[in-house]
Each structure stands twice: as structure tokens, then as C-alpha cells.
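Working notes, beginning with the structure itself.
2 protein chains.
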Amino acid sequence: MPESRPYHHGDLRSALLAGAERTLREKGVGALSLRELAREAGVSHAAPGRHFKDKQALLDALALSGYDRLARALDSADDPALPLQPRLTALARAYLGFAADHAELLELMYARKHDPESAELMADGVERTVGLIGRVVAEAQARGEIVEGDPEHLTIAIGAVLHGLATFTAGDKSAAYASQHGGVEELVHLLLHGLKPR
Amino acid sequence: MPESRPYHHGDLRSALLAGAERTLREKGVGALSLRELAREAGVSHAAPGRHFKDKQALLDALALSGYDRLARALDSADDPALPLQPRLTALARAYLGFAADHAELLELMYARKHDPESAELMADGVERTVGLIGRVVAEAQARGEIVEGDPEHLTIAIGAVLHGLATFTAGDKSAAYASQHGGVEELVHLLLHGLKPR
DNA sequence: AACCGAAAGTAGACGCCGCCAACAATGCTG
DNA sequence: CAGCATTGTTGGCGGCGTCTACTTTCGGTT
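Going down the list, the sequences are from chains A and B. Mapping of the first sequence onto full-length UniProt numbering: position 102 corresponds to residue 102, and the numbering continues sequentially without gaps. Mapping of the second sequence onto full-length UniProt numbering: position 74 corresponds to residue 74, and the numbering continues sequentially without gaps.
Written as C-alpha cells, this is what we have:
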């Protein structure tokens with residue numbers, strides 16, 4: 001017998017997201033097609049429209065889950081008891097690890113193409129990560145471990161280094177200098193001590 | 001009379017690139033369509049195929065011209081006679097300025113989706129910019145202005161800060177902290193002196 | 001248990017798109 | 001001026017995202 005599938009899929013929304021993430025990882029965002037995803041899920045070409053009003057809506061949902069996982073990864077890598085340098089190193093490791101594992105997803109997350117409503121949720125996700133950095137900065141300042149000055153500026157500086165490096169890491173699939181052999185340590189050290197000789 | 005256009009356009013290739021860059025700037029890469037560009041140029045929908053084998057080929061050409069202009073901008077902003085700090089500040093300004101003016105283009109340039117042959121040319125363009133940073137680092141080391149160590153690592157660190165900040169700048173169309181009011185100076189200072197108090 | 005509205009899936013159509021092949025006009029070069 | 005490469009044109013293919021109208025199923029109410 002033709003083993004006919006049930007009329008209702010059960011959890012199509014999740015299946016679509018999962019399939020989308022697989023495709024994203026394997027073939028890049030350009031190869032993502034709602035119809036293809038529908039086919040993979042064994043459902044008609046218009047079914048995805050029931051769960052995502054738009055292709056962009058699906059991408060937004062994907063990005064959102066990315067932010068959630070990134071925030072979790074950073075949170076669980078953070079140990080507030082540590083002195084600044086090892087603490088930052090651990091965070092940097094976590095961030096670069098995420099970037100290496102989810103290059104395309106990270107790109108999606110940083111794409112500034114979300115519709116306004118998802119953008120709010122997005123902003124929330126961003127806040128969870130830059131907020132963490134911000135707290136680290138604030139605490140380090142309180143302990144006198146780093147220079148005074150607008151903590152927001154310092155946060156931006158740290159964020160910029162991390163993000164720039166993450167982009168490089170995600171960019172060349174090869175070797176990714178930074179996440180290997182003491183690369184991270186060296187960079188955090190540089191960030192803390194500066195380029196000028198002391 | 002219908003003012004019929006000549007059968008040959010004259011310089012369709014350039015017209016397509018120019019139109020593409022306009023669309024890129026105004027509506028983003030997602031809104032780029034070869035057929036639309038053809039319409040704007042007043043030619044038939046298949047004409048672009050004579051000049052770009054692919055849509056990707058057009059994007060590659062665009063990215064390539066971006067690298068060229070970026071390299072020029074950096075070169076002309078660089079003054080080797082300056083001490084490190086102002087020299088870096090000038091370069092950072094130039095890079096961030098480019099990022100602000102050509103956000104979508106920069107994204108295209110960093111996209112890792114080019115076909116292999118264009119990728120070579122791309123690599124050449126990249127080399128012109130990171131090579132410049134590399135030379136700045138090497139000369140600064142020679143003058144004892146910065147710390148010893150693998151110059152490549154230092155170059156990566158500087159590049160990461162610049163690129164991360166450029167992404168932020170390009171990301172939020174508003175205010176872009178860094179390129180305004182002393183933001184750049186402050187960051188370069190941070191980069192040189194580090195976060196730790198001296 | 002029967003009903004009924006909402007939720008979830010289907011089928012079909014529309015107008016885009018990129019790309020390809022076959023053909024036509026033009027320009028260049030011998 | 002003949003012939004060939006270049007650069008255009010038309011038409012068509014299949015895929016895509018999205019919309020509308022229809023159908024099936026689920027779940028809560030009486």
C-alpha cells in the first residue's frame with residue numbers, strides 16, 4: 001500500500017526550520033527554497049505559507065533561534081569569578097566556536113533585512129550578548145582591572161574585535177587562525193595590553 | 001517617431017554595473033535582477049548574458065571594483081611619514097568611511113560565494129588592503145613603536161577591529177558611533193594602549 | 001456524541017526570475 | 001566588400017515565492 005502520510009504533518013514548523021538550517025549549513029542561504037523544504041518535509045508547496053508568512057519570516061525565525069543559542073553558549077562559557085583576562089578568553093573562545101560552527105547562520109543573524117517586528121526580537125537577542133560583554137566591562141572597571149571611560153565605548157571595542165575575528169574565522173573554512181593554537185589568548189592579550197610596548 | 005535606440009548599446013557592460021550598484025545601494029542585493037537591469041538599460045532580457053555568464057559573475061565584477069576603490073581610498077589616506085597613531089587613525093577613518101558609504105557593496109565583497117576564477121582576483125584585491133596594514137605594522141615594529149611578535153598576528157588583530165567596527169557602522173544606518181566625534185581616535189588609542197590601566 | 005469554527009494542508013495559477021538556444025543586426029578586419 | 005566574431009533579439013524552459021479557493025482534520029462546546 002502507498003503508505004499515505006497523515007494529512008497533518010504534526011510539527012511542520014519545526015521540520016521546516018530544521019531542514020532550513022541543514023540546507024543553510026550545507027549549501028548556503030542562496031540555495032534555500034521554501035518549495036524544496038516543503039518537498040523534503042513531504043508536504044505541498046504552499047504548506048510552508050501556513051507557518052511563515054514569508055520566506056523572510058522563516059529566515060528571521062532561524063536568526064532568532066541563532067541568537068538564542070549564541071546567548072546560551074556565551075552565558076554558559078562565562079565565569080564571573082574569573083579575572084578579566086581568562087574570562088574574556090573563555091568568552092572569545094565561545095564566540096569564535098559558534099562562528100566556526102554556524103558561519104552561514106551568523107551571517108543571517110547579522111543581515112539587516114528583517115521586517116520590523118522580528119527586528120524587535122532580534123534586538124532583544126543582540127542585547128543578551130552585548131549586555132553580557134557590557135557587564136563584564138562594568139565589573140572589570142569596578143575592580144580596577146581596566147581603564148576608566150564610557151563603558152559602552154569599551155564594549156563596542158571588544159565587540160568589534162570579536163566580531164571581526166569571527167567573520168574571518170567563518171570566512172575561510174581552512175585553519176581559521178584564531179580559534180587554533182593560542183590564537184585567542186594572544187589576541188585577548190593584545191586587546192588588554194595594547195600594541196605599544198610597555 | 002519612436003526614437004528607436006541603436007541596435008548596439010555602446011557600453012552595456014558598464015551601464016549594467018552602474019545600474020547594479022545603484023540598485024544595490026538603494027534596495028539591497030536581494031532586489032537585484034538581471035532582467036530588471038536590462039530593462040533599465042533599455043535592452044532585452046537576455047542581453048546581460050553577453051557580458052556576464054552568470055548573475056554571480058556580475059556580482060563578482062561589482063565586488064572586484066569595490067576592492068579596487070577601497071584599496072585606492074586606503075592608499076590615498078595613508079601617509080607613511082606619520083607616527084603610528086595618527087597614521088592608523090587616518091586609515092581607520094578611510095576604511096570606516098568606505099564602509100558607511102558602501103555598506104551593501106562591502107557585504108558583497110566579504111561574501112564567500114565567488115566562483116574560483118574571480119576568487120583569485122578577489123584575493124588580489126584583499127591583498128592590496130591587508131598588505132597595506134601589514135606594511136604599516138612592519139614599519140612600526142622597525143621603529144619600535146609597537147610590540148614585537150609575528151606581524152601577521154598583529155595585522156589580523158588590527159584588521160579584526162577595523163572590520164568589526166566597519167560592520168557595526170554599516171549595520172545601523174543611524175549615527176554610527178565610531179565614525180563620528182572622536183570615536184575613531186578613541187578606538188585607535190584603545191588598540192594601541194590596551195584596556196588595562198598603565 | 002454531534003457540531004462547528006479555526007487551524008493546517010492541497011491544488012492551481014500568476015508573474016517574476018535565471019538561463020539557454022536559435023536567430024538577426026552590427027562592427028571589424030582581411 | 002566578404003566573412004566572422006560580437007552583441008544584440010525573441011522565445012521558451014523550469015523553478016521560485018506568493019495568492020486564492022478549496023479540503024481535511026483537530027479541538028472545544030453544547
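C-beta: ideal position from N, C-alpha, C; glycine also.
- For the segment 144-168 of chain A, the set of positions with a beta-carbon nearer than 9 Å to some beta-carbon of chain B reads G144, E145, I146, V147, E148, G149, D150, E152, H153, L154, I156, A157, I158, G159, A160, V161, L162, H163, G164, L165, A166, T167, F168 in chain order.
- The DSSP-derived three-state label of V126 of chain A is helix.
- Looking only at A:E36, A:T23, A:E104, A:A71, the smallest Cα-Cα distance to H45 of chain A is reached by A:E36.
- With respect to the C-alpha of A38 of chain A, the residue from A:S76, A:A63, A:A15 having the closest C-alpha is A:A15.
- At least 8 Å separates the beta-carbon of F52 of chain A from that of A41 of chain A.
- Taking C-alpha positions only, E107 of chain B is separated from R25 of chain B by approximately 11 Å.
- Residues of the UniProt domain "HTH tetR-type" (10-70) of chain A with a C-beta less than 8 Å from any C-beta of chain B: G28, G30, listed in chain order.
- Interface annotation, G125 of chain A: not in contact with chain B, CB-CB separation never under 8 Å.
- Looking only at B:L195, B:L192, B:I156, the smallest Cα-Cα distance to G183 of chain A is reached by B:I156.
- At least 8 Å separates the CB of R128 of chain A from every CB of chain B.
- Taking 3 residues as the minimum length, the UniProt domain "HTH tetR-type" (10-70) of chain A contains no beta strand (DSSP E) run wholly inside it.
- Contacts between L195 of chain A and chain B, judged by CB atoms closer than 7 Å, involve I146, V147, L154, L191, L192 in chain order.
- Y110 of chain A reaches chain B at T167, G171, counting residues in chain order whose Cβ is nearer than 8 Å.
- Separation of A160 of chain A and L187 of chain B (C-alpha to C-alpha, rounded to the nearest whole angstrom) is 10 Å.
- In the structure shown, L74 of chain A adopts helical secondary structure according to DSSP, grouped into three states.
- The C-alpha of D150 of chain A lies about 32 Å from the C-alpha of A81 of chain B.
- Under the rule that a run must span 4 or more residues, the alpha helix (DSSP H) segments found entirely inside the segment 148-176 of chain B read 151-171.
- Judged by DSSP secondary structure, R112 of chain A falls outside any alpha helix (DSSP H); it is assigned neither H nor E.
- A residue is called buried when at least 16 other Cβ atoms come within 10 angstroms of its Cβ; A111 of chain A meets this threshold and is buried.
- Three or more Cβ pairs drawn from the segment 116-130 of chain A and the segment 57-74 of chain A lie within less than 8 Å of each other, which places the two stretches in contact.
- For a cut-off of 8 Å, the C-beta gap from H189 of chain A to K196 of chain B is around 10 Å, too long to register as a contact.
- In the three-state scheme derived from DSSP, where H, G and I count as helix and E and B as strand, D101 of chain B is classed as helix.
- Put simply, the backbone Cα of L70 of chain B is about 8 Å away from that of Y95 of chain B.
- If the five residues before and after E185 of chain A are omitted, its C-beta is found closer than 7 Å to the C-beta atoms of T89, all from its own chain and listed in chain order.
- For A103 of chain B against A170 of chain B, the beta-carbon gap comes to about 4 Å, under 8 Å, which counts as contact.
- In this model, R22 of chain A and L162 of chain B are separated by some 32 Å (Cα to Cα).
- Secondary structure note for E185 of chain B: its alpha helix (DSSP H) is the uninterrupted segment 183-193.
- In chain order, A38 place their CB closer than 6 Å to the CB of A47 of chain B, counting only its own chain and leaving out the 5 sequence neighbours on each side.
- Each residue's CA atom was taken as its position, placing V130 of chain A and L12 of chain B some 46 Å apart.
- Using a Cβ-Cβ cut-off of 7 Å, E186 of chain A is close to H153 of chain B, given in chain order.
- Around the beta carbon of R72 of chain A, fewer than 16 other beta carbons sit within 10 angstroms, so the residue counts as exposed.
- Within 10 angstroms of the beta-carbon of R50 of chain A lie fewer than 16 other beta-carbons, which makes it exposed.
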